[in-house]
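Numbering (the UniProt record's numbering), first residue to last: 1 to 422.
All residues carry an ideal CB built from backbone N, CA and C; glycine is no exception.
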């Protein structure tokens, strides 16, 4: 197993006496997931410097390539066969995972008698979205290149941590949303609990200051306006490590696709081209929730397409409405749905009961679920129809308080309440 400086495991060699329980218990408690390694602040500073220099070096080169040859990369990638795409991906990163969600493959391979060095791959936990099965599809690598190469690394800082599959020990660190936030409409919390060693991500354009390690008196001298850019030192190091691996992989992919172009032309002499769109010939014609969730790790986290989201929710709303009409108009459909609920009813006793009370209870649950589902999606759809675009919301946001306008905040709060009920 490749060693990474920012993570560790509870027990490297398991054996019979690990006392962590069965595979299901270990998965539920996260006992086999990466935890923060025991690095001191000096070691963290050295590794952070190495990672951030790698990030900005690779990002600068990738950005230069995309400004000149992104359309050529798209055309060449679309013409390649699945075998050729697979070869490019594995050549860019030989240890790249093969299957979708390789972190769950790790869980399936875990054995009481085997050590993690044989069953767990750290890359699968830190980069679960970097795998051959997903990236060799029609457009995901192109979307990944565009989002990462056209935007600064800081935009993906929080999402990279959220996408990594991590164990206990990380959640108790600095909560970015709680630092320097508003506890009410008027009061700004300027005295948050900040750890003695942390990492500052305020300077987004500087490879020497991005992810700057602070400790002791440096932390005490921080201005309240800097609080939202603070992370715990170990979590910040993990973020830098993930980003360094991501940009190194994408730069290698871009170079392999443009293998016949000289480096001087690749980075310097070629003229800049107009930015092409990925949607034009790569995304499927019909929107689906599956496609939306599959694309999410490869796009820009803040670039939410509200119109597309409204189409997806509208589809679920129409499906729920059709389900109600089918229950009403088609007796065979009602019987099939009733049987599914009867067979998979978690309230059902061990002995099969076909009395009138049980039949009435199951039929009532079928109808109740159908109408609840329609009301739920209809409510979300109506709220999305009144939601302005993100560009409009950002144009009227309050920059001094770093928050959206009150009416926009209320819309998002209502959606959050609804999504918490599903």
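| Asked | Found |
| --- | --- |
| Beta-carbon proximity of residue 32 to residue 110, cut-off 8 Å | yes |
| C-beta atoms of residue 136 and residue 96 nearer than 8 Å | no |
| Range covered by the beta strand (DSSP E) that runs through residue 215 | 212-215 |
| Residue 273 burial status per 10 Å Cβ neighbour count (16 or more: buried) | exposed |
| Secondary structure of residue 92, DSSP reduced to three states | helix |
| Beta-bridge partners of residue 8, as assigned by DSSP | 35 |
| Assumed close pair residue 101, residue 246 - CB separation to whole angstroms, cut-off 8 Å | Not really, about 17 Å apart at Cβ, beyond 8 Å. |
| Stretch-stretch touch, CB-based, cutoff 8 Å, three pairs: the stretch 123-132 with the stretch 154-171 | yes |
| Simplified DSSP state of residue 330, which is helix, strand or coil | coil |
| Beta carbon of residue 211 nearer than 8 Å to that of residue 201 | yes |
| Three-way DSSP call (helix, strand, coil) for residue 305 in this model | coil |
| Opposing strand residues paired with residue 198 [DSSP bridges] | 214 and 232 |
| Residues sharing a beta bridge with residue 398, DSSP | 403 |
| Of the residues 220, 9, 248 and 157, the one placed nearest residue 55, counting alpha carbons only | 248 |
| Buried/exposed call for residue 74, threshold 16 Cβ in 10 Å | buried |
| Contact belief for residue 241 with residue 37 at Cβ below 8 Å, rounded distance in angstroms | Incorrect: roughly 11 Å between the Cβ atoms, too far for contact. |
| N-terminal and C-terminal residue of the alpha helix (DSSP H) that residue 77 is part of | 41-79 |
| Separation of residue 108 from residue 99, as counted between CA atoms | 13 Å |
| Burial state of residue 28 (16 or more Cβ within 10 Å) | exposed |
| Through-space distance from residue 237 to residue 143, alpha-carbon basis | 26 Å |
| Local conformation of residue 288 per DSSP, three classes | coil |
| Beta-carbon gap between residue 152 and residue 204 smaller than 8 Å | yes |
| Length of the line joining the Cα atoms of residue 398 and residue 407 | 12 Å |
| Residue 354 versus residue 364 - alpha carbon distance | 15 Å |
| Of the listed residues 145, 169, 396 and 270, nearest to residue 30 (C-alpha basis) | 169 |
| Nearest candidate by alpha-carbon position, reference residue 316, set 159, 294, 374 and 244 | 374 |
| Collapsed DSSP secondary structure at residue 345 in the structure displayed | coil |
| Given 8 Å, three or more beta-carbon pairs between the stretch 320-332 and the stretch 371-388 | yes |
| Buried or exposed by the 16-neighbour rule on C-beta atoms within 10 Å, applied to residue 260 | exposed |
| Residue 107 - containing alpha helix (DSSP H), residue span | 102-109 |
| Residue 97, DSSP secondary structure in three states | strand |
| Close beta carbons around residue 150, own chain, < 8 Å, minus the five adjacent residues each side | 63, 66 and 275 |
| Residue 381, enclosing alpha helix (DSSP H) - first and last residue | 356-385 |
| 7 Å CB neighbourhood of residue 196 in its chain, flanking five on each side removed | 215, 216 and 219 |
| C-alpha distance - residue 334 paired with residue 154, whole-angstrom precision | 52 Å |
| Three-state secondary structure (DSSP) of residue 151 | coil |
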